[in-house]
Amino acid sequence: AENLKVAIVLPGVKTDKSFNQAGYEGVEHAAKELGLEFAYSEKVAQPDQPEALADYARRGYSVVIGHGGEFQDSVAKVANRFPDTKFVVVNGTEPGGNVAVMSFDFPALGYVMGYVAGKVSETGKGGYIGAQKLKFYVDLGNGYAKGFKAARPDGEVLTAWTNDWDDVAKGKEAALNEISQGADVIFPSMDNAVVGSLQGVKEKGKKAIGIYYDAISNWPDTVIQSAIFDMRGALLTLLGEAKEGKLEGKAYIYGLETPTAARIGTYSAAVPAAVQSEAAAIIEKIKAGEIDVH
Amino acid sequence: MSWAGDISSLVDFFSTVLRLSTPIVFAALGGVLAERAGVFNVSLEGCILGGAFGAATGAYLLGTPVGGLVFGILFAFAIGCVLAGLAVGLGINQLVTGIAINILVLGLTSYLARLILGADATSTLPGFSPVEIPLLSSIPVIGPVLFNQDPLAYLMYLLVPLAYWFLYRTPWGLNVRAIGDYPVAADTVGVSVPGIRAVCVIASCVLGGLGGCYLVLCQVFVFTENMSAGKGWIALAAVILGRWNPALVFVACIFFAFSEALQLRLQFNNPDVPYQLFSMVPFVASFVALVAFAGRVRPPAAIGTKYVRGGK
Amino acid sequence: MTAQGLRLEKISKTFGDFKALDGVDMTVPQGTVHAILGENGAGKTTLMNILYGLYQPDGGRILIDGVPQRITSPRRAMELGIGMIHQHLMLVETLTVVENVVLGLLGQGMRLSLAEHARKLEALAKSFGFDIDPHQEVWKLPMGMRQRVEILKVLYRDANLIILDEPTSVLAPSEVEGFLEGLRRLRAAGKTIIFISHKLDEVAAVADRVTVLRRGAVSADLAVAGTPPSEMARMMVGRDVVLTTLEKVPSKSDEVLVRIRDLKARDNRGNQALKGVSFDIRAGEILGVAGVDGNGQAELAEALTGLRQAEDGTVELSGEDVSAASVYERRHRLGISFVPEDRHGTGLVLDLPVYQNAMIRDFREAPFSSGPMLRTASARKVAEDWVNRYDVRLQSVEQPIRFLSGGNQQKLIFAREVECRPRLLVIMQPCKGLDVGAIEAVHRTVLAERERGTAILYISTELEHILSVCDRVAVMCAGRITGIISPEEATSERIGALIGGLEEEKVA
Amino acid sequence: MLRAIQGIYMLRPVWAVLLSLLVGAGLIAIAGVNPGEAYAALFGGAFLDYYGLASTLAKMSPILLAGLAVIIPLRVGLLNIGAEGQIYMGGLFSSMAALLLPEMSPFVLVPLCVLAGAVGGGLWGLIPGYLKAYRGINEVIITILLNFIAINLVSYVAGGPMMQEGAPYPYSEEIREGLWLPYIMPQTDAHLGVVVGIALCVVAWFVFRFTTVGFGLGMIGKNPAAATYSGIRVRRNLVAVMFVAGAIGGLAGTFEVLGLKHRLYHLFSPGYGFDGIVVAFLAQLSPLMAPVAAFFLSGLKVGGLIMQRAVGLESTVVEAIQGLVIIFVAASLAFRFDRGNWRRFLERRRLLDTGLAGGITNNSGGKS
Ligand SMILES: Nc1ncnc2c1ncn2[C@@H]1O[C@H](COP(=O)(O)OP(=O)(O)OP(=O)(O)O)[C@@H](O)[C@H]1O
Ligand SMILES: Nc1ncnc2c1ncn2[C@@H]1O[C@H](COP(=O)(O)OP(=O)(O)OP(=O)(O)O)[C@@H](O)[C@H]1O
Ligand SMILES: [Mg+2]
Ligand SMILES: [Mg+2]
């Protein structure tokens, strides 16, 4: 058969070291592994999103990915004009027809991170920093808080929303603020701004949780564990199904049971071995459905 | 409020205020200089970004923060030359030039950053570390906030009075003020309008660039695309709020940073109030301050206009 | 060729299609006062701007002390020892007097020593009989005071060749006297002075030689001594000019049209500028208001026309109290017309073409509009008609009015304010900067209005003009009317005393 | 000769575009893409392709209206940096009307929604207008601050009280299809907004050119003292003009909601208000030129995106090229043609030539 052509539309820049970059690299990786042809558009503002999706469909791309929940609606509109094209909404909520949605089990990973953080925390206070209250990031934060409390029933998680995904300085200030409130394990979940938060945590000698990739490689003294939402793995799986023509209009949610897509990263030495094995047990319980992370 | 009672928390709070205000102060001083000379420098945003990019590149390539500072200043200087050439030399509309330069700088810095910094973009760059000033830094609350800072913050302390002195106490400053208000009069007494305007614009951009340098070399130690994130616009607002007077502009920047820091704080105490409402606080506060305290503020009269000699 | 002094050879300058200067030759020996006369628009200012480096000539050359010089900028001119007082004030209004004076001054180093300069400036001012506060911001000063600052600015620079482009247009007579005396002293000190003025008596009093320009070319160059002023006027305009009194028919009506009682108002700085002014004007009567500039005249005019809110007092027109009427109402329903002092700033929109300036007052009425729509064609026709009847010299009514000479701009304003058939005409400084021909034209217009039965308030610092056209003269000092007298009783001592605020008389 | 020079002069924006593209070609080539191909995609895509043209027109709607919202006050002497905030308020008010008003005939409800959007933007313009006219507070700073406030306000509403239950992104419920603006090109997103925009431009042109109201406003812009002198109520007019400008900015937001997204999204305008400033000056404040400038700018933006998709260029290059084009075009427009200067220049050359032919150079000008 002819090559499957895949396109991804990114709302931000592909070098944000975060959500957008993960999406871009995910498609790139999957395309290489599976031998697909791929294209991308970055920094596509909201008003241009429907046209970007439609244009790729017209150009003969058979899988078009909208990278982010804001594509849900645009995809829904465009999809019925192109019945032969499969659309995927990353972090979408409403599958159906030729629209699939793909997301991660944010609460579950958040729970595990929260549990580890709660065990490591000396002050009993954790910190979560998001940019905007999008559903998945709220879920992630809630999971984190729940896990934290599971590890430390008297504990508490401070939450801050910076209202900006990329403002590094604000990211840093938010972290410093939480630290000055007594939080000592911070979990930032923005885009570029994460770097600022980690910087702040590092300066104050506190601990942090990484997101999307194994952040300990860049922040060896600061990051104790990372919630790896591996777009590469997820998209590889998803596009693999697409290549075999099995992509359906349903929700593909990758959680701890699909470690290629969602898993925990490397522990730093700051996390005692006992805690590590407790966490492993927690993961198993979540997989088995014994813990409600929501 | 709970945090107010506790000294170390207070120090943290004011440190936050200072950190948030420093890049804006740099840019706003640049804005004062350009606008006093009659040029509306909308490209401050681009200058901050360009300075940040230059700082990152310099620090990355040369491995020292001083190298970063030099590169940052050079990059902002180059932007200043472009703006001066276009807006002062050719007399192209200052707003359009500024906005176009912002777009260009955003594209170009991202493009070059991908080219030069590439995969190393996440790693921490060398930066300045705080220098404690003996004695002064041991003053309670104020000491650790003001006198345990990085070199660029000290530079800012110097620049504010320096800018004031320059504008109001030197013949050059007099020339600048005259040019911004009634360039014809300045021209007829032999003051070179385009020359001084060009110098002011370039200096203004360099100041904006210093704001960018501070972001990279003293605050976050990485470069990220579009990391200026609207600070240039806030600086412009501060220039007007401070009535084109360096000292008042400094106060306006501090006021702004204070409300920003306050809103970040307030969020923790009131997690149930939507954060967007808090995000509005600095802007609403500035708005209220403006309406409450500003009388009729007259901008330099010749702002935004091209000066052509001759004509009746 | 004169070794010492200035020589201009065959200077020409074109603006667009218009030849403003056409081969002008002029020689000014060192240590003399040289006057330039010419109608409005003759090219005097243009010539001086070329000499000062503001314009580049299209042809010809400039020799200073026998050496050809290219004067590329005012800075170059200053280096050559040239200083200039500009016809339109070149002051930065937000700066103080002393700041304006030291602006651009060479050799100041890094420090702005304002206090020291202020002291020197005060001494200099005193030697010219001027009284100024060096630390006052310029925007707070009345026009006459600003003109003094402009003069001091140049004198302070100690130039060798001083160009004075209409330096005395809003000075009071006593100040003019001191100023002319100062010029003579400068001449005695060996300075060269080029003096442009429309006031022939000033020229006669101080100049050695005079060059007369007509339409961009030199029409005469002669010694002042032995040339009567009427002869100079004739050479400027190309015909005889009535210089003194115009014949007046006595006022016909006894109807008091305007009644003003105890009018009070504040100026822009919030100071009490009008402290209770009362007077009447009958239909067909011209009431002159004399006095040193800045004694409340501007506030009086503005309060009458509604541009300034009166604090207290009443303004009655034909018995109707109009104190509360808006500007629009006063202009249209009540028929108040106003020729403002500042024709560029208030009376005209310089960027608009002549015909649109003609409709500024009445653009909401026929024939300039019908309903919400402008009637451009008919506006052009009206403007052309006015241009013909009031002898406005221009190339086309489509020209931006910026490019008309001051006299012609003034004539258009008069046409506009008079053609609407006003009941009350308020005129302020109507002859500022006008040549003798234009002044005559303006005064004819004023007298024709009087004939028609309009009440006219004629505010001016030019006592001579007031005495020649007005039926009665009110003198203002410090926001009060110090006396109202008839021109016949107006001896210079009496007026001088009134202007100084010495004599209080019963209000007529 | 003079005519030829004038012809070249008339086309100067075109030369500017070509020149900037030449510079941009360098960037594209360094990025490893064939510039010819890239530009073919940009222009072919934005202006010649059916769908591309539709995109251009869809984008032109907010940009043109924002441009008009800048032009009108600027002609009256006010600099409206706040079109962005007015767009947001327009979007907010119109979507609230569309979602909250009771069911009624679209013929009533659509105009009501549009009106609500216009009023929302208008009120947001009224604030700086009032403060400027009656309090003398600089309108630039007020509009900058109001931009930030409006953006956050919409974020709050779209992510809070009006957010759709369980939505993955802060946006409101969908507005029902009966209230959508009609499309002007089938199968595309091009909606009626651009037509309204052009119509408003013509109206604005007509008002400024042919009516007494427009004449009065123009006078305020050129010399407010003279306007007061002529009996115009300057303050009142300033406030009214800012209301109208704000309303037009509000329409831009309204049409984004009713015509394109059909929901209130947070951050729905990616800086159209600032594009409006560029349009205003490229059009040299002429309402009739505004559609041309807006069409060009939207084409450039849409074409940039198409170029990304067609040849795989990074957004950074596209942005850099957009900046270059705007700078060059603005530069070319600032370049003034002075007939007299050129004629004198040619005349001097002719004199010189004849002089040289005759063997003597007697340049009577004699400039040293
Ligand atoms: N920049 C310019 N562009 C076009 N025309 C001009 C310009 N400056 C002056 N002119 C024209 O040149 C002529 C000479 O003007 P100039 O100001 O030299 O007259 P003037 O003799 O000083 O008159 P006045 O007595 O009114 O001051 C006038 O017709 C004027 O309209
Ligand atoms: N002479 C004055 N001194 C101080 N304040 C004034 C004066 N005149 C008007 N104002 C202020 O200006 C505002 C506007 O006055 P007014 O009612 O005349 O408004 P308007 O008719 O809309 O404007 P305009 O008269 O300029 O066309 C008022 O709020 C008043 O406080
Ligand atoms: Mg003159
Ligand atoms: Mg009023």
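Protein chains in written order, with my numbering: chain S, 1297 to 1590; chain X, 25 to 336; chain Z, 13 to 520; chain F, 3 to 370. In this text, a Cβ means the ideal position worked out from N, Cα and C, and glycines have one as well. This one's a predicted model, so the numbers in the text were calculated from it and none came from an experiment.
Of the other Cβ atoms in all chains shown, 16 or more fall within 10 Å of the Cβ of histidine 210(Z); this residue is therefore buried. Considering only beta carbons, the part of the region 214-243 of chain F lying closer than 9 Å to chain Z consists of Thr214, Val215, Gly216, Phe217, Gly218, Gly220, Met221, Lys224, Asn225, Ala227, Ala228, Ala229, Thr230, Tyr231, Ser232, Gly233, Ile234, Arg235, in chain order. Boundaries of the beta strand (DSSP E) around phenylalanine 1334(S): 1333-1337.
The Cβ of glutamine 1495(S) sits closer than 7 Å to at least one Cβ of chain X. Residue state for glycine 306(Z) is assigned as coil, using DSSP reduced to three classes. At a cut-off of 7 Å between beta-carbon atoms, tyrosine 135(X) makes contact with chain F. Glycine 168(F) reaches chain S at Thr1389, Lys1431, counting residues in chain order whose Cβ is nearer than 8 Å. Relative to ligand 1, even the nearest heavy atom lies 6 Å or more away from the CB of phenylalanine 245(F).
Neighbourhood of methionine 385(Z) in chain F, by CB distance below 9 Å: Phe212, Thr213, Thr214, in chain order. Here isoleucine 348(Z) is not near leucine 459(Z), since their CB atoms are 7 Å or more apart. The C-beta of phenylalanine 109(F) has fewer than 16 other C-beta atoms within 10 Å across all chains shown, which makes the residue exposed.
Isoleucine 1524(S) sits close to arginine 1559(S), with the two beta carbons spaced by under 7 Å.
Nearest CB-CB separation between aspartate 211(X) and chain S: not below the 7 Å threshold. Under DSSP, lysine 1382(S) takes part in a beta bridge, and its partners are Val1359(S).
Boundaries of the beta strand (DSSP E) around arginine 484(Z): 484-489. Residue state for glutamine 407(Z) is assigned as coil, using DSSP reduced to three classes. According to the DSSP secondary-structure assignment, tryptophan 1457(S) is paired through a beta bridge with Gly1426(S). With 16 or more other Cβ atoms inside 10 Å of its own Cβ, aspartate 447(Z) counts as buried. At the C-beta level, serine 334(F) and arginine 14(F) come within 7 Å of one another. Under the 10 Å beta carbon count, glycine 28(F) is surrounded by fewer than 16 other beta carbons and is classified as exposed. Taking the Cα of isoleucine 1579(S) as reference, the smallest distance to any Cα among Gln1428(S), Met1409(S), Ala1326(S), Arg1355(S) is reached at Met1409(S). In the DSSP assignment, the residues bridged to threonine 223(Z) are Ile48(Z), Asp233(Z). Taking non-hydrogen atoms of ligand 1 into account, the C-beta of lysine 330(X) is found less than 6 Å away from none of them.
Within the region 246-258 of chain X, Val246, Thr248, Glu249, Asn250, Met251, Ala253 place their CB atoms closer than 7 Å to a CB of chain S, listed in sequence order. Remark: the C-beta of threonine 58(Z) is in contact range of ligand 1, defined as less than 6 Å to any heavy atom.
Scanning its chain for C-beta atoms nearer than 7 Å, with the 5 sequence neighbours on each side dropped, one finds around leucine 319(Z) the residues Val339, in chain order. Listed in chain order, the positions of the region 186-205 of chain F with a beta carbon within less than 9 Å of a beta carbon of chain S are Gln189, Thr190, Asp191. Of all C-beta pairs linking the region 305-314 of chain Z to the region 495-506 of chain Z, fewer than three are shorter than 8 Å, placing the two stretches out of contact.
Closer than 7 Å to the CB of proline 272(F) there is at least one CB belonging to chain S.
Here methionine 247(Z) has Val224, Ser231, Ala232 as same chain residues with Cβ atoms under 7 Å from its own Cβ, once five neighbours each way along the sequence are excluded. Chain order gives the chain S residues near isoleucine 308(F) as Asp1351, where near means a beta carbon separation below 8 Å. Excluding residues up to 5 positions away in sequence, Arg246 lie with their Cβ nearer than 7 Å to the Cβ of aspartate 252(Z) in the same chain. Residue-level contact by beta carbon fails for arginine 267(X) and chain S, as no gap is shorter than 7 Å. Under a criterion of Cβ atoms nearer than 7 Å, no residue of chain X is adjacent to valine 313(F); the nearest Cβ is some 16 Å distant. Taking the C-beta atoms as reference points, valine 1305(S) is found nearer than 7 Å to serine 1337(S). The beta carbon of glycine 1422(S) does not come within 7 Å of any beta carbon belonging to chain X, so the residue lies off that interface.
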